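To keep things clear, I will list the structure first and then write my remarks on it.
Numbering (UniProt numbering), first residue to last: 1 to 916.
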């Protein structure tokens with residue numbers, strides 16, 4: 001059969017031969033052929049090792065075991081161990097045969113039974129056969145005692161409650177002279193100590209001194225050819241004894257003290273030029289590091305590990321590094337002496353040794369050695385393998401950030417890392433670098449010059465390009481004017497055109513991703529204001545007659561406009577980019593440069609200093625604000641801003657059975673629908689409390705009705721995050737979502753308002769009370785509602801605007817955006833001039849048609865992606881209403897929008913416009 005199987009050239013031929021043989025074996029089993037039963041089982045074992053099913057032959061194993069002859073029993077027990085395991089129910093049938101064989105007069109049959117029991121013993125079999133095994137521990141033959149000890153290990157692991165029955169026999173076996181029995185007895189005692197605390201105390205008290213003597217005799221024994229391996233007497237017994245001593249000495253000072261001398265002798269006299277000697281030394285080191293404190297022994301053990309690091313065998317070096325990782329927590333100073341050898345292991349060609357050595361170096365770093373270690377690692381970073389650079393870069397950045405003695409050293413090391421392996425630096429690392437740079441005001445000039453130099457040689461490193469772009473955008477004027485020169489740096493000459501060249505290279509690099517290009521566009525906008533040649537050319541005209549000639553002024557004026565024109569030429573091509581983010585920023589920034597010079601310097605002021613402690617806390621997740629932001633799910637808006645989803649979505653989802661009722665505060669609901677902040681500050685800016693009728697009118701306007709009673713809980717704003725969860729941002733947040741205060745003019749106790757748009761009420765009124773949608777010291781906006789008879793799906797809104805300030809507003813324009821299920825028509829305003837001091841008003845009619853009128857409401861979830869924005873235009877420029885009711889700075893985005901409509905994408909962009 002074996003020859004036939006080996007002669008097969010394909011898997012199908014092999015399967016055919018196996019099927020044929022299995023069929024013949026089944027036929028023989030059915031005929032109950034006793035002469036060939038052991039041969040059939042031998043074939044089944046070979047077939048089983050090839051991976052084919054042989055379950056049909058399991059009962060043949062039991063029949064052979066029950067046979068009286070030794071050859072049949074040998075094949076039967078071998079088949080039992082190979083074809084069955086402890087989970088087979090058939091195994092229960094063999095317990096009686098095992099018990100009989102354990103009591104057999106033939107010691108070889110007893111050995112077969114012990115061997116099988118030690119391999120497939122289950123918990124039930126262990127309980128039934130434990131007395132026989134315990135008795136065999138005192139058998140006259142050493143081979144039976146050895147097998148009984150091994151079988152005992154299996155029994156106590158399966159049934160720990162039986163451990164106490166084997167303590168005394170195991171201790172008696174420790175006095176054996178036969179090494180085979182002694183090594184199994186030591187292993188049995190080791191497992192007993194791990195399983196039972198009582199056994200540990202008993203063996204520690206009675207056997208520690210005896211084990212020390214045994215180990216000493218073994219270490220000093222003369223040459224014995226029976227046990228000698230590479231000039232060492234029985235290294236396997238050495239290792240087992242050391243492991244048992246480690247268990248006994250751990251946590252016990254007395255036992256540890258009694259074994260110190262023999263441990264020192266083994267550590268010093270064992271040769272380390274052979275594998276067997278190294279194995280004994282390694283176990284000796286582990287024992288020394290585990291027993292109670294002895295400073296001299298631990299230094300000796302760590303020195304042995306240091307010698308291991310110089311070994312040519314990779315396995316020995318790897319286990320030495322593993323052991324040093326544990327030893328550094330016990331005696332870091334002793335490990336520090338081998339720092340140079342450990343650093344050499346970081347440069348090893350074996351990847352596993354590299355990573356383990358790097359982890360050990362990371363643990364060894366402290367405030368005193370951070371500079372030399374960081375220098376060594378950065379030097380190796382230049383020549384390290386590409387696969388290893390990611391781990392090496394992460395460790396270097398962590399070391400530099402954790403132990404940097406001063407900010408200038410931190411910045412220098414990070415620039416080196418960015419120059420050599422910037423593509424491997426994670427986002428949080430370079431974010432932290434920018435935070436440090438922003439806080440080091442005295443190093444702004446030095447940093448931007450160092451980055452400029454690094455950029456000239458390492459343009460392929462993406463993260464270096466980003467940090468350089470950000471710093472040039474923030475501190476480009478310092479780069480050109482050599483502000484903040486330090487004694488350690490060489491002077492450098494950089495023109496304004498050179499600074500723009502860097503940004504042009506960054507934005508036109510083929511490898512630059514979206515983040516880099518966006519940062520470069522923002523930096524260009526900032527430079528258009530940072531450089532006097534772009535932002536302050538009017539000063540030259542002011543002093544024209546005093547110090548410059550006419551021809552020179554013409555030349556200078558041409559040069560000034562050429563630099564600004566160049567910046568615009570870099571920005572303008574992105575107006576047609578397929579990436580919406582780049583297209584939008586290009587349009588906005590070009591508009592700012594071309595039409596809004598008066599506000600450009602305010603828009604691109606320097607970023608406020610970022611709080612280092614807050615950043616570190618948020619990064620590590622230790623601040624409440626950082627943790628609270630993850631409590632609610634978020635909605636991904638088109639402009640990339642994630643805002644928490646509030647219960648208002650469920651409030652408006654009328655198809656849900658458990659949808660809550662509308663809030664009783666009309667002002668709160670109005671705030672939610674208009675996308676404004678509901679913080680206490682914004683609530684206090686309102687003129688008063690809003691009645692329930694105002695909320696009813698607004699629900700009617702959106703065709704939302706609810707038969708349930710109004711809830712008294714306030715509704716959380718779904719379009720603006722809580723102020724406590726916002727990270728510090730630039731002052732340009734003034735262009736973020738509008739904040740409107742509402743006040744109802746009707747009495748809270750007035751009659752309940754009926755549905756204005758749904759028509760579900762039996763007799764809807766034609767006129768509804770007016771509400772004050774917005775009021776501040778500058779402006780008041782009032783809405784009056786009415787319906788035309790016979791047209792219930794259309795609501796007519798009469799908007800009245802009154803100027804409360806002492807300035808006259810001209811070129812008045814009102815714009816609005818509504819959910820998709822509403823159609824809004826804006827009639828022309830009664831005038832485009834709003835008189836001052838309330839001496840007049842502007843009237844405008846809005847017609848809102850509900851396309852879902854008369855249909856079953858499925859819950860308008862459009863509230864997640866729609867915003868109702870109000871924008872006033874003053875003196876030809878669009879001005880958003882700020883949360884405090886003041887008029888904000890003109891928004892350049894709105895100059896490109898049609899006068900009568902405002903798309904959702906533009907509305908969302910208005911909310912999240914950021915510079916820097």
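All C-beta atoms in this analysis are idealised placements derived from N, C-alpha and C, irrespective of residue type, glycine included. The structure presented is a predicted model; accordingly, all values stated were derived computationally and were not measured.
Looking at the structure shown, is residue 223 part of a helix, part of a strand, or coil, going by DSSP?
Looking at residue 223 - three-state DSSP - the assignment turns out to be coil, as it is neither helix nor strand.
Give the straight-line distance between the Cα atoms of residue 109 and residue 99, rounded to the nearest whole angstrom.
Taking the straight line joining both Cα atoms gives about 11 Å.
Given that a residue counts as buried once 16 or more other Cβ atoms are within 10 Å of its Cβ, and exposed if not, what is residue 122?
Its Cβ being crowded by 16 or more others within 10 Å, residue 122 is buried.
Comparing the C-beta of residue 604 with each C-beta of chain D, is any distance below 8 Å?
Here chain D cannot be found, since the structure has a single protein chain.
Exposed or buried, what is residue 777 when buried is set at 16 or more other beta-carbons lying within 10 Å of its beta-carbon?
Answer is exposed; the Cβ neighbour count stays below 16.
If you reduce the DSSP assignment to three classes, tell me which class residue 492 lands in.
If DSSP states are grouped into helix, strand and coil, residue 492 belongs with coil.
Which residue's Cα is closest to the Cα of residue 235: 249, 220, 247?
Checking every option, the nearest Cα to that of residue 235 belongs to 220.
Considering residue 516, what are the terminal residues of the alpha helix (DSSP H) in which it resides?
Residues 514–530.
Rounded to the nearest angstrom, how far is the Cβ of residue 795 from that of residue 848, given a contact under 8 Å?
With 8 Å as the limit, residue 795 and residue 848 qualify as a contact, their Cβ atoms being about 5 Å apart.
Could you give the first and the last residue of the continuous beta strand (DSSP E) run that contains residue 440?
First-last for residue 440: undefined, no H or E at that position.
For residue 775, does the three-state DSSP call read helix, strand or coil?
Correct three-state label for residue 775: strand.
Using DSSP with H/G/I as helix, E/B as strand and the rest coil, what is residue 175?
Three-state DSSP puts residue 175 in coil, outside helix and strand.
Note down, in chain order, each residue of its chain lying with its Cβ closer than 6 Å to the Cβ of residue 825, except the 5 sequence neighbours on either side.
These residues qualify, in order along the chain: 847.
Of the choices 266, 371, 277, whose alpha-carbon is the least far from that of residue 288?
Comparing Cα-Cα distances from residue 288 to each of 266, 371, 277, the minimum goes to 266.
To the nearest whole angstrom, what separates the beta carbons of residue 153 and residue 191, a pair I think is in contact under 8 Å?
Going by Cβ atoms, the distance from residue 153 to residue 191 rounds to 5 Å, so yes, they are a contact pair.
Consult DSSP for residue 430 and reduce its assignment to one of helix, strand or coil.
The answer is helix: DSSP assigns residue 430 an H, G or I state.
Quick check: the region 240–249 against the region 209–219, are at least 3 beta-carbon pairs closer than 8 Å?
With a cut-off of 8 Å, the region 240–249 and the region 209–219 count as touching, because enough Cβ pairs lie within range.
Among 247, 227, 476, 386, which has the Cα closest to the Cα of residue 284?
Ranking 247, 227, 476, 386 by Cα distance to residue 284 puts 247 first.
For residue 831, which residues in the same chain have their Cβ closer than 6 Å to its Cβ, ignoring the five residues on either side in sequence?
842, listed in sequence order.
Output yes or no for whether 8 Å exceeds the beta carbon distance between residue 814 and residue 788.
Contact: no.
DSSP on residue 337, reduced to helix/strand/coil?
In this structure, residue 337 counts as coil in the three-state DSSP scheme.
Would you please state the rounded distance, in angstroms, between the beta carbons of residue 945 and residue 374? I believe it to be under 8 Å.
Absent from the model: residue 945. The displayed extent of the chain is 1 to 916, so no value can be given.
Just to confirm, are residue 47 and residue 18 a CB contact at a threshold of 8 Å?
Yes; because the gap between Cβ atoms is below 8 Å, this pair is in contact.
Where does residue 769 sit, in a helix, a strand or coil, going by DSSP?
Residue 769 falls in the strand class under three-state DSSP.
For residue 609, count the other beta carbons within 10 Å of its own beta carbon; 16 or more makes it buried, fewer makes it exposed. Which is it?
Classification for residue 609: exposed.
Locate the alpha helix (DSSP H) running through residue 395, then write down its first and last residues.
386–403 is the extent of the alpha helix (DSSP H) around residue 395.
Spell out a yes or no on whether the region 222–231 and the region 185–204 are touching, meaning 3 or more CB-CB pairs, one atom from each, closer than 8 Å.
They do not touch, by the three-pair rule.
The alpha helix (DSSP H) spanning residue 580 covers which residue range?
Where residue 580 is concerned, the enclosing alpha helix (DSSP H) stretches over 580–595.
In whole angstroms, what separates the C-alpha of residue 598 from that of residue 418?
Roughly 38 Å separates the two Cα atoms.
From residue 172 to residue 327, what does the alpha carbon distance come to, in whole angstroms?
Taking the straight line joining both Cα atoms gives about 36 Å.
According to the Cβ coordinates, are residue 521 and residue 507 closer than 8 Å?
Their beta carbons are under 8 Å apart, which means residue 521 touches residue 507 by this criterion.
If we ignore side chains and look at the alpha-carbon of each, how far apart do residue 745 and residue 793 end up?
Only weak support is given to the placement of residue 745: the predicted model assigns it a pLDDT of 36, under 50, and the value that follows is read from those uncertain coordinates. The straight-line gap from Cα to Cα measures roughly 25 Å.
Can you look up residue 732 in the DSSP assignment and give me helix, strand or coil?
Below a pLDDT of 50, predicted positions are generally treated as unreliable, and residue 732, at 33, falls in that range; the measurement from the model is reported next regardless. DSSP places residue 732 in helix when its eight states are reduced to three.
I'd like to know whether the C-beta atoms of residue 321 and residue 298 end up nearer to each other than 8 Å.
Cβ atoms of residue 321 and residue 298: not closer than 8 Å.
Measuring alpha carbon to alpha carbon, tell me which residue in 315, 292, 23, 338 is nearest residue 304.
If we check each option's Cα against that of residue 304, 338 comes out closest.
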